[in-house]
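Please read the structure below before turning to the comments.
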Amino acid sequence: MARLTLEHLGKTFGAFHALDDVSLEVEDGQFVAILGASGCGKTTLLRQVAGFDRPDSGRILIGDTVVSTPLQQMPPEERRIGIVFQSYALWPHMSVAENVAYGLTVAGVRGSERTRRVDAALALVELNGFGERRPAHLSGGQRQRVALARCLVTEPSLVLLDEPLANLDVHLRASMEREFARFHERTGTTMIYITHDQAEAMALADRIAVMDKGRVLQFATPSQLYREPADPVVARFIGDGMVLPVDVVAVNADASCQVDLFGYRLRMRCAPARTPLGAALACVRAASLHVMATGGQGLRVRATGVIYQGGHFRVEGAAVADADVALHFTVAEPCAVAPGASLDVSIDDGWVIPAREA
Amino acid sequence: MKIANFRNIAIAGLCALLTAGTVAAQAPKGKLVLYTSQPERDAAQTVAAFKKAQPGVEVDVFRSGTTEVMGKLAAEFSAGAPKADVLLLADAATMESLKKDGRLMAYPEAKVDGLDPAIYDVDRTYFGSKLITTGIAVNTAAKSRPTSWADLAKPEYKGQIAMPSPLYSGAAAIMLGTMTARPDLGWAYFEKLKANDAVAVRGNGAVLTAVASGEKAYGVLVDFMAFNAKAKGSPIDFVFPKEGLPAVTEPVAILKTTQNPAAARAFVDFILSDDGQRLAASMGYIPARASVGMPAWYPAGAKIHLMPTDTPAVVQANSANLKRFAELFGN
Amino acid sequence: MAIATGVRGRTEDYVLLWGLVGLVAVLSMLPLARLVLEAFVPEGAFSFDAIRHVLGSASTWTATGHSLVTAVGGTLLAAVIGGSVALVVSLTDIRGRNAFVFCYVMPLMLAAQVIALAWIQMFGPSSPLLRMLGIAPPLGSPNPLYSAKGIILVMGVQYAPLVFLTLRAGLRTLPQELLEAALAGGAGPMRVIRTIVLPLMTPPLLAGVALCFVSCLGNFGIPALLGIPGNYPVLPTLIYQRLAGLGPGALSEVAVLSVLIGLIAMVGIVAQDMLLARRDFRTTAAAIEARPFELRRWRLPVEIALWTISFLALVLPLTALLMTSLVPAVGVPLTASTATLDSYRFVLFAHDAARRAFVNSFGMSAVAALVIVTVVVPLAYFLTWRRSRLLHFVNLVSEAPYALPGVVLAIAAILLFLKPIPLVGISIYNTIWIILFCYIARFLVLGLRPVISGYHQLDRTLEEASQIAGARLPRRLLTVILPLVAPAAAAGALLIFLTAFNELTVSALLWSTGSETLGVVFFSFQQGGDSNYAAAIGMLTVTVSVLLMLSTLLMAKRLPRGVLPWRD
């Protein structure tokens, strides 16, 4: 088991910054997700950690060992890590057992010891008896599990998973998610999970690093990301949040503050030390917005679209005071809101995004 | 040295001394390298028959046109590493020039009984193995039939004649030297041939192909090629021109630098032996030792009129002749 | 602290890489460097004598002129035929496409000199074929093929498939929508071809033309059989005759001639390179094809026309060849009573040199194929997945011995190996080893290109997975990569075998007793007037080649696309 440390990692391709001063520390035994849209740099990060690429600046340590610097690089075959590839990368000319046994063969483990460990690994992923099959005759989910078994049989200190569920059908994903979670519980391996799907990340990870344009925007627990996003990008990305321009009027001692939103006064959570008075951005979730009964004094919103989502409607709209400020919320069926209508909305919770540290 | 008229040999027939079994007390063995300009098939048969007579000897053969064989030899001489042990080349003139350069090993004990002394070198450095005459080959469908060399200069033969280039074939070089030395033919004759659109092709093989395939109706060709093809059914005939036929003797010789003199001598013995001579006759050549019998095509009781060749003079004039021929007929 | 190794990777990776680079350098650069050296420093002394003598000689320029005439003429003919066939095959809905491509490309894989002999046997007063049909020309008619026109005709027909393949590969990348948009706009098929297809396909077409030009320029077999009898020398045959007639003494002059032909060929090679940007018909992965033109009532006539072209180019000459191999001697008509298998019997059993040639050709072709494939699998790994300027240069250089005419490499090899190899003291001159060296150097790219193509179609994560599992490069190459590129490697090996088996150009200059190849024996028979023996050998080599090509159809599914030219 090992800790993974990334120190000021940088990588440029020409003028493009694939990684921009990335620092991260993953504790031993943690399950960390690297979350971001495509092009954010998460794949580059994984390849650096694996050793397929070298950084232009910074260092990578696995445990106490420096494995990557711009000048020196420990080759992948020596790092004792495991990877589950997006495409599984099972060798088509070998059987399942041979695929799983490969790492042991390389390490010189032979005979009954090797068979025992291969069988144990297959049992761990619930593929007992599949040893003689060929990868071509397995379903996507089964291949995924073989890839996992192959990764684990050598008992690596660190396991990287590169969007492992991207190629699976939706209904399989849920069961595989459970698989990974169970696996992590049982073995306590440090796992780095790359994904663009926030639901997966939130469900599985102890902590999530949200990446955008080569930088880590926030590294925190799923709950913290949801409730206290450090960045407008994070706020929008997680839970489909809305970012609204507010005016901080007063900061209270109990980590809450009074804000003014186009004349509508409300109370939001904030980080007192980092929330100056004046203009700021706030993160508000759809669940916090409610349509007020006629005559209520809330935020004036004009609805621009109403979309049925099965049992409820998603109403999209914009603030009457500033049409560029987009909002959305849900209304249970039947919906009394029509497109073009103006209504008042109350907001019962929000989070003022703290100012960037100097 | 003049090659005498072989009529005497043919009719009178020198009594052939029984060539005793020429197997030496100790059978020769090892490798023997032969360079020859014989046609492929004949070279193969000669070597096969020799191997039967001397099973302990391995023969390596290099076969190509005379010019090419000489070129290869020249290269090896200049590199100081000649590989050949024995040579079996088309004509005595080539051997003369090698002898002059001191490249040949004399074999005084060679069994030359029954052979006309004109056939072998007085110093016993090379020995003629057979008689190859050059005459006129005619496609059986041809309209006219020439009877003399001079006929080929006539208008009805225009554009229908192929001849082997002396730049490539040793026998053709001898033919050129012999004919240009005669007052009744000379260089004027070749100029007339050129005016008659005769073409010089690479070697007798090409002449045979041209005449037998009908691309040319007439050709200047060596006797055995025409007759062997005729025997297999090719539509070709051979004419003995009135003025006579130039001839080469295809001599065999041993190189001074031979690695295996015992086997080399055994090879010469074989060529000159009755068995070797009978083999030559069976391949369609007129043998050097007439007593073993003539080849099947030889008209019984015939007298073949040969053109005498002044070999040293031919050797002397050779390069000048070749140059003049090249200027006339192209390279 | 760190157990890191150098950023460049492990030492053994580097040993392997440099070993391969060194090997390619020895095979490709060394002979050519030695050749150029000889031109300027003949026999050890710096002098322009050799250059002056050769360039001042009329025969040089006659041969050069003839070379250019036949190469340009052959290329034009090939471009017209091959280009038209490519357009029809690629853009229309004819049936039996796979079978047709197989038959059409086949002559390209057969020996050029055998095809030349086959054509010779189709014409002339004694052609068994014409005789049987009763249309043989009268006595005294020369064979029309022994002329510049004959050479151009046979070369054009022989190399048309080269243009066909290159253009077809280009046409495959043409998006269907472009043509459909034009058709929807009201343009007829000919206008579409003229205004859209040909302008877009100019690079592949010109690349095919350049490739064809270089092949025609360097070919020896066709002008040897058709030009020598008619006294029409071209540069390769001039080099051959000089060397055969004068021996190694003529090497300096022959070296200058080789450099001359090499320089002319370079024009074509550079042009092809610039136009195709490193892709050629053997490495194209096929995309979905555009087939917008429906022929409707023209379909059957067009199909008949196509198959007639293939028939004329392949079946007819081979039939003439077969008939020639069955007659007992030249000029004998083929009838039930004259037909005989004597030629085959002689060539297979009675003739020492021919028997040796079979063994030599089979053996050397097989060994060359094996050696090349062994070298090429790791080499292609580095070339595909480790980019560097050195490797790019190595890739370029490895093409030279194949792109340049064969005579160039042969002369270079003679110069290199005439004297014993220093330090080792062994001389490989005049042995099969010098021929084998040339085969390996010349045909390396034939193995390299399919394997590179195989690598491109490979998922790199498969190798990365084995790297993560702890395997170092040699083990990765052996256990993961080799099994996956094996089909491409097998295809390359087959191509190499076929080409080496059928070649004449190189072995004509390098052979000596004991190291004859089938091409050499064939040529020697033909020169000696034994056309029927030559025809027998020709038929045998054709049979072997065709059988091998057919066998790949069995392997069809497992082979990656685009590696075998006769497989569509």
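Respectively, the protein sequence lines represent chains U, X and Z.
For what it's worth, the working numbering labels the leading residue of the first sequence as 35, then goes sequentially.
For what it's worth, the working numbering labels the leading residue of the second sequence as 5, then goes sequentially.
For what it's worth, the working numbering labels the leading residue of the third sequence as 318, then goes sequentially.
For every residue, glycine included, the Cβ atom is placed at its ideal position computed from N, Cα and C.
Secondary structure remark: continuous beta strand (DSSP E) runs of at least 3 residues inside the region 767-855 of chain Z: none found. With at least 16 other beta carbons inside 10 angstroms of its own, residue 402/Z counts as buried. For residue 431/Z and residue 169/X, the gap between their C-alpha atoms comes out near 25 Å. The secondary-structure analysis by DSSP pairs residue 143/X across a beta bridge with 240/X. Counting along the chain, the unbroken beta strand (DSSP E) around residue 292/U starts and ends at 290-295. Residue contact with chain U for residue 737/Z: absent (no Cβ-Cβ distance below 7 Å to any residue of chain U). Going by beta carbons, residue 116/U and residue 42/U fall outside the 7 Å limit. Identification of chain Z residues near residue 111/U by a Cβ-Cβ cut-off of 7 Å yields 784, 787, 788, 789, ordered along the chain. In the DSSP assignment, residue 529/Z falls within the alpha helix (DSSP H) that extends over 519-535.
When secondary structure is reduced to three states using DSSP, residue 127/U falls in the coil class, being assigned neither helix nor strand. Nearest in C-alpha terms to residue 642/Z, of all of 438/Z, 537/Z, 353/Z, 376/Z, is 438/Z. Chain X has no Cβ within less than 7 Å of the Cβ of residue 664/Z. Under a 10 Å Cβ-count criterion, residue 232/U is classified as buried, with 16 or more other Cβ atoms of the shown protein chains found around its own Cβ. Chain Z has a Cβ within less than 7 Å of the Cβ of residue 65/X. When 363/Z, 372/Z, 445/Z are compared, the shortest CA-CA separation from residue 634/Z is found for 445/Z. Contact with chain X is absent for residue 849/Z, since none of that chain's Cβ atoms lies less than 7 Å from the residue's Cβ.
Its chain contains 463 as the residues whose beta carbon lies nearer than 6 Å to that of residue 546/Z, once the 5 sequence neighbours on both sides are disregarded; these appear in chain order. Only residues of its own chain outside the window of five on either side were considered, and among them 155 have a CB closer than 6 Å to the CB of residue 186/U, listed in chain order. For residue 611/Z, there are no neighbours in chain U by C-beta distance under 9 Å, as the nearest C-beta there is about 38 Å away. 216/X is the residue among 246/X, 216/X, 255/X, 190/X whose C-alpha sits nearest the C-alpha of residue 238/X.
The closest CA to that of residue 217/U, considering only 54/U, 183/U, 384/U, 196/U, is found on 183/U. DSSP, reduced to helix, strand and coil, places residue 176/U within a helical segment of the structure shown. Each residue's CA atom was taken as its position, placing residue 452/Z and residue 514/Z some 42 Å apart. Among the residues facing chain Z, residue 140/U is included, as its CB has a counterpart in that chain under 7 Å away. Here residue 721/Z carries a coil assignment [DSSP, helix/strand/coil]. Under the DSSP assignment, residue 252/U falls in the beta strand (DSSP E) whose first and last residues are 249-254. By the CB criterion at 7 Å, residue 809/Z and residue 861/Z fall outside the cutoff. At a Cβ-Cβ threshold of 7 Å, residue 830/Z and residue 81/X do not count as neighbours. Of all residues in the region 623-645 of chain Z, none has a C-beta nearer than 9 Å to a C-beta of chain U.
At a cut-off of 7 Å between C-beta atoms, residue 371/Z does not count as an interface residue with respect to chain U. Where residue 379/Z is concerned, the enclosing alpha helix (DSSP H) starts and stops at 375-408. When CB distances to chain U are screened at a threshold of 8 Å, the residues of the region 790-803 of chain Z falling below it are 792, 796, 797, 800, 801, in chain order. Residue 92/X has a beta carbon lying at 7 Å or more from every beta carbon in chain Z.
Judged by DSSP in its simplified three-state form, residue 227/U adopts strand. For the region 540-557 of chain Z, the set of residues with a beta-carbon nearer than 7 Å to any beta-carbon of chain X comprises 545, 546, 548, in chain order.
Apart from sequence neighbours up to five positions away, the residues of its chain that approach residue 95/X with a beta-carbon distance below 8 Å are 70, 174, 175, 177, 178, 252, 253, 254, 255, ordered along the chain.
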